[in-house]
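Participant:
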Amino acid sequence: MNAAPTLEMLDPATLTVDINVRKDAALTPDFVASIKEHGVMEPVIAHRKEDGTVHVLMGQRRTLGAVEAKRAEIPVMIISSPEEAERIVTQVVENIQRAELTDADEADAYHQLSLIGVSAAAIAKKTGRTKTTVEGALKAKASEVGTAALGRGHTIEEALILAEFEDDEEATAELASVIQDEPDQLFHVAQQLRDDRVRAATLAAYRAEVAATGTIIVERPGYGEEGTASVTSLKRADGEPATEDDANAVYIIQDYRGEFSTVPVIVDWKELGFTERYTYHSSSANKGPMTEEQKAERKTLIANNKAMESATTVRREFVKTLLAKKQAPKGWQYFTVHAITHHTDVARSYDGEVAAVMVSAKTDGEKSWGWNPLKDHVAKSTTRPEFSLVALVCAGYEKTIAKDSWRNPFQSHRDYLNQLVIWGYTPSEVEQIIIDSDKPVEEDTAEENIEAA
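Counting in my numbering, the sequence shown runs from 63 upward without gaps.
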């Protein structure tokens, strides 16, 4: 017969944390400070082994936080060792299979199983869920923000995304607004935030690297500004072209591949005796600040291009998830034959690596000329060839779509995106511009265009 639970006050440093659901334990400064001031309010659940050691089953984060805060004692509820783990697993699985189970209940069930040592892969196998779903639920539960979101009725996916940005109040507020007003855009907005974060971090690192050399960094001059000019557009007082040796600063640019570089410039070049190298630069037609309309157009261009890059990530992940199912998507036969007969480049110029990732094939190997991991995958496996064919066609379409394709959409782009929508994809706002580009002009608008012409 199992002994009744007992409440003991123990030194957290003497406890053994067997299972750490979140490897980094998410010990934020605020969390540790709270424990240091108030202590651990909710008892940790643990069991004592035959050798006398106490192993934590529930409350690993609180235990590690107490150690970090140097608390002398914390409340620990000692229960019998979980010898009937399989029985517990069966009970939890039965609960998960209830139709009325909420996402919060499901995440709690996964959490219970993880606490007794069941891996995410094993949970997925026992419950019939995907490993990705289980891992997402565990990550959400390992976060205070994620747990709170689940408690408010959010889905596991929503809670996981909110937890991902829990250290960014502005991003969290934006995501909460999207969940409230445009939940179907959540994945797109989240990806844009990820890309912005990566872009900002990369730029910050590059700026620091440049600044470490003693180089002065200035903002890129706007259209019509004359205080700063690149050395390539200037000449010295003696008439010779200016060189990088004459530069007194640089500004940073980003190319189409996302890589940063510097442009040598001369600040206050007129005062320093430099003149414009090309006469057409002095033409009044090329001077003057940008109009508000030009600024708005440029802002839209930049925003849509960034949104399109983020949408590409979400779109390809959707195809990968689609092709991970047991059955090929409905209508795949017509989709592939239509692509080959109407848009021949999709089958002739597809990206083998993109296609391989879409069908979850290995992409190991040297990326030399002619490297094609999808070809290797098909050669090694004769099963599910239809999945590889769909991946090939999708990768071919993907290669034709650029970040600025929304400005001049092709019929191939519309055909591809419309098919994905049929298969359940939710397009981003910028992708919707492409989809809508083939819609007929309203009669009133058409008449206005004729009159304007």
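Glycine included, C-beta positions come from ideal geometry on N, C-alpha and C. Fair warning: this is a prediction, and the values are worked out from it, not measured in the lab.
Out of curiosity, what's the CA-to-CA distance linking residue 72 and residue 92?
Facilitator: 23 Å
Participant: Please state the DSSP three-state secondary structure of residue 76.
Facilitator: helix
Participant: Please list the segments of the beta strand (DSSP E) lying wholly inside the stretch 368-400, counting only runs of 3 or more residues, in order along the chain.
Facilitator: Within the stretch 368-400, no complete beta strand (DSSP E) run reaches 3 residues.
Participant: Have a look at residue 321 and residue 183 and give me their C-alpha separation to the nearest angstrom.
Facilitator: 38 Å
Participant: Taking 7 Å as the cut-off, decide whether the C-beta atoms of residue 172 and residue 138 are in contact.
Facilitator: no
Participant: Using the three-state DSSP reduction, which class does residue 327 fall into: helix, strand or coil?
Facilitator: Three-state result, residue 327: strand.
Participant: Since residue 280 and residue 327 are thought to touch, with beta carbons under 8 Å apart, how far apart are those beta carbons, to the nearest angstrom?
Facilitator: 7 Å
Participant: Would residue 118 and residue 77 qualify as a contact pair, given that the criterion is a beta-carbon distance under 7 Å?
Facilitator: yes
Participant: Please determine, among 202, 466, 200, 235, the residue with the shortest C-alpha to C-alpha distance to residue 492.
Facilitator: 466
Participant: Counting beta carbon pairs with one atom in the stretch 397-409 and one in the stretch 281-300, are three or more of them shorter than 8 Å?
Facilitator: Contact between the stretch 281-300 and the stretch 397-409 is absent, because fewer than three Cβ pairs lie under 8 Å.
Participant: Which whole-angstrom value describes the C-beta separation of residue 193 and residue 199, a residue pair presumed to lie in contact below a C-beta threshold of 8 Å?
Facilitator: Contact flag wrong, Cβ pair sits at about 11 Å.
Participant: Going by DSSP, what residues sit across from residue 138 in a beta bridge?
Facilitator: 70, 106
Participant: Report yes or no: do three or more beta-carbon pairs, one from the stretch 307-314 and one from the stretch 288-298, lie closer than 8 Å?
Facilitator: Because the criterion of three Cβ pairs below 8 Å is met, the stretch 307-314 and the stretch 288-298 touch.
Participant: Tell me the rounded alpha-carbon separation between residue 373 and residue 445.
Facilitator: Looking at the two C-alpha atoms, the distance is approximately 31 Å.
Participant: Residue 516 by DSSP, collapsed to three states: which one?
Facilitator: The first residue shown for the chain is 63 and the last is 515, placing residue 516 beyond what the model contains.
Participant: Helix, strand or coil for residue 334, going by three-state DSSP, please let me know.
Facilitator: coil
Participant: From what residue to what residue does the alpha helix (DSSP H) around residue 312 run?
Facilitator: Per DSSP, residue 312 belongs to no alpha helix (DSSP H); it is in the beta strand (DSSP E), 311-316.
Participant: On the criterion of 16 or more Cβ atoms from any shown chain inside 10 Å, does residue 109 qualify as buried, or is it exposed?
Facilitator: buried
Participant: Hey, would you say residue 68 sits closer than 7 Å to residue 140, going by beta carbons?
Facilitator: yes
Participant: Counting pairs of beta carbons, one from the stretch 370-387 and one from the stretch 483-497, are three or more of them closer than 8 Å?
Facilitator: yes
Participant: Helix, strand or coil, according to DSSP, for residue 505 in the structure here?
Facilitator: The predicted position of residue 505 is uncertain, since its pLDDT is 38 and thus under 50; a value taken from the coordinates is nonetheless stated next. Assignment of residue 505 by DSSP, reduced to helix, strand and coil, places it in the helix class.
Participant: How many angstroms separate the CA atom of residue 225 from the CA atom of residue 205?
Facilitator: 6 Å
Participant: Is it a yes or a no for the stretch 453-471 touching the stretch 405-423, going by three-plus beta-carbon pairs under 8 Å?
Facilitator: yes
Participant: Taking just the CA atoms, how far does residue 209 sit from residue 239?
Facilitator: Straight across, the Cα-Cα distance linking residue 239 with residue 209 is about 18 Å.
Participant: Helix, strand or coil for residue 364, going by three-state DSSP, please let me know.
Facilitator: Correct three-state label for residue 364: helix.
Participant: Skipping 5 residues on each side, what residues in its chain have a beta carbon closer than 7 Å to that of residue 390?
Facilitator: 448, 449, 452
Participant: Can you give me the C-alpha to C-alpha distance between residue 377 and residue 338, rounded to a whole angstrom?
Facilitator: Rounded to whole angstroms, the separation of the alpha carbons of residue 338 and residue 377 is 47 Å.
Participant: What did DSSP end up calling residue 429 once you bin it into helix, strand or coil?
Facilitator: coil
Participant: With a 10 Å radius around its C-beta and 16 neighbouring C-beta atoms as the bar for buried, classify residue 500 as buried or exposed.
Facilitator: exposed
Participant: For residue 79 and residue 258, what's the separation of their Cα atoms in angstroms?
Facilitator: Their Cα atoms are separated by approximately 36 Å.
Participant: Which parts of the stretch 446-482 are runs of the beta strand (DSSP E), unbroken and 3 residues or longer, counting only runs that do not cross its ends?
Facilitator: none
Participant: Hey, how far is the Cα of residue 476 from the Cα of residue 431?
Facilitator: 31 Å
Participant: Look at the alpha carbon of residue 167 and the alpha carbon of residue 255, and state the distance between them as a whole number of angstroms.
Facilitator: For residue 167 and residue 255, the distance between alpha carbons rounds to 29 Å.
Participant: Just to check my reading of the structure: residue 228 and residue 207 have Cβ atoms closer than 8 Å, yes? What is that Cβ distance to the nearest angstrom?
Facilitator: Yes, they are in contact, since the Cβ atoms of residue 228 and residue 207 sit about 4 Å apart, within 8 Å.
Participant: With DSSP run on the structure shown, which of helix, strand or coil describes residue 489?
Facilitator: coil
Participant: In the DSSP output, what is residue 303 paired with across the bridge?
Facilitator: Checking the DSSP bridge columns, you'll see residue 303 partnered with 297.
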